[in-house]
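Asker:
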Ligand code: SF4
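Quick look at the structure:
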């Protein structure tokens, strides 16, 4: 991209966001990008660093997220248990899962550099130690606690902090994700495992980017992530390996789409802004109908998965319901009804009261068939 074009894009994003600093992306937010890669609304707002949580609240549809204090306390206690005594429990799991043949491994806490918590400094320190670890050929295992990684998201730098990076023997790195949801009889809730895999993929990508910047082979960061959870409602940690290749591919696609979001932005009205126009106390003064119109200007692609991944989910669900969108029915149904935008259109095609448009002949035939089968069965 030329310098001029880059400057124009930055100015355009600043206008879209309004007079507030861009909201940084944490790993959870970046992981959520991969949950609905086809949504232009999310791509534009995230690329511009818009505070979607504040936008949703001002629109009257506050996001349903936020962990209960109880869940946070339980999560912190479990993480402390896994990391106690230089990660003794974690080492036990790593020996089982990765075949670490040594009884002990070095433990390095990167969380605090001589009392200086600056993200820049912590990242530089992580960079130095990961470089040294990647050069070292010795057989020692090393655990890095609180490393600070970095990813560029549509021109903004986001700092990310995985729970631990385990450095395996022979120079291979594994990301470790510590989660407090339970594994019962070898099974965990699929939605929670999927979310953990998406989040871990962000760390894998960030660590691979770091290795590449340092001149090492990024493939030395394994696509197999170690997921550590409590087992059978007891607090005993159990570990399993998660293959995050699919999540990595989706994430890469979505990030490159965000880098090319300029093409979507070019098609939007020049005066469009999501500015909340906060007063001196930070309270938004933007008229709600005006903001609603602004948000609706950018096409959304609502799916039920949005309910667990995007701050705007209640707003977009309401919008999709008002328009009778087939997207409300979930991705599978939406994809099966490709080219049929609303439920009333699908019903019209099914009972023959609507003539199929160009390209809708096949789906109309299937809908009529389904309608006939239901009528015969009923
Ligand atoms: S909630 Fe709305 S903006 Fe967010 S990903 Fe879903 S459709 Fe897109």
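Residue numbers (my numbering): 80 to 457.
The beta carbon of each residue, even a glycine, is placed where N, CA and C say it ideally should be.
Which residues in the same chain as residue 330 place their Cβ atom closer than 8 Å to its Cβ, once the five residues preceding and following it in sequence are excluded?
Answerer: Your numbering for residue 330 matches position 251 in the chain shown. Cβ neighbours of residue 330 beyond the five flanking positions: 109, 110, 112, 113, 277, 280, 281, 284.
Asker: Alpha helix (DSSP H) containing residue 223: first to last residue?
Answerer: Here residue 223 refers to the residue found at position 144 of the chain shown. First-last for residue 223: 221-224, but that is the beta strand (DSSP E), not the alpha helix (DSSP H).
Asker: Return yes when at least one heavy atom of ligand 1 lies under 6 Å from the C-beta of residue 332, else no.
Answerer: Looking up residue 332 in the chain shown gives position 253. No; taking the cut-off as 6 Å, the Cβ of residue 332 has no heavy atom of ligand 1 nearer than that.
Asker: Pick helix, strand or coil for residue 87, following the three-state DSSP scheme.
Answerer: Numbered from 1 along the chain shown, position 8 holds the residue referred to as residue 87. If DSSP states are grouped into helix, strand and coil, residue 87 belongs with the helices.
Asker: Inspect the CB distances between the stretch 306-321 and the stretch 351-367 and report whether three or more fall short of 8 Å.
Answerer: With a cut-off of 8 Å, the stretch 351-367 and the stretch 306-321 do not count as touching, because too few Cβ pairs lie within range.
Asker: Apart from the five residues just before and just after residue 352, which ones in its own chain have a Cβ nearer than 7 Å to its Cβ?
Answerer: For the purposes of this step, residue 352 is taken as the residue at position 273 of the chain shown. Same-chain partners within the cutoff: 94, 95, 97, 373.
Asker: Going residue by residue through the stretch 359-412, where are the continuous alpha helix (DSSP H) segments of at least 4 residues, counting only ones entirely within it?
Answerer: The stretch 359-412 contains these whole alpha helix (DSSP H) runs: 367-376, 392-401.
Asker: Using 8 Å as the cut-off, can you tell me whether the stretch 161-177 makes contact with the stretch 262-271, which would need three or more C-beta pairs spanning the two stretches below that distance?
Answerer: They do not touch, by the three-pair rule.
Asker: Where residue 412 and residue 260 are concerned, what is the direct C-alpha to C-alpha distance, given to the nearest angstrom?
Answerer: Here residue 412 refers to the residue found at position 333 when the chain shown is read from its first residue. Here residue 260 refers to the residue found at position 181 when the chain shown is read from its first residue. If I take the Cα positions, the gap works out to 30 Å.
Asker: Please return the same chain residues whose Cβ sits closer than 8 Å to the Cβ of residue 382, not counting the five positions on each side in sequence.
Answerer: Here the question's residue 382 lines up with position 303 in the chain shown. Around residue 382: 115, 406, 409, 410, 413.
Asker: Looking at the unbroken alpha helix (DSSP H) that takes in residue 343, where does it start and where does it end?
Answerer: If you number the chain shown from 1, residue 343 lands on position 264. Here the alpha helix (DSSP H) through residue 343 covers 341-345.
Asker: Between residue 251 and residue 197, is the Cβ-Cβ spacing less than 7 Å?
Answerer: In the chain shown, counting from the first residue as 1, residue 251 sits at position 172. In the chain shown, counting from the first residue as 1, residue 197 sits at position 118. Not in contact: residue 251 and residue 197 (Cβ atoms no closer than 7 Å).
Asker: Suppose contacts are defined by Cβ-Cβ distances below 7 Å. Is residue 256 in contact with residue 306 by that definition?
Answerer: Start at 1 with the first residue of the chain shown, and residue 256 comes out as number 177. Start at 1 with the first residue of the chain shown, and residue 306 comes out as number 227. It is a contact, given that the beta carbons lie within the stated cut-off.
Asker: Put residue 129 into one of helix, strand or coil per three-state DSSP.
Answerer: In the chain shown, counting from the first residue as 1, residue 129 sits at position 50. Residue 129: coil per DSSP, three-state reduction.
Asker: With DSSP collapsed to three states, give me the class of residue 259.
Answerer: As a first step, residue 259 is located in the chain shown; it is residue number 180 there, counting from the start. The answer is coil: DSSP assigns residue 259 none of H, G, I, E or B.
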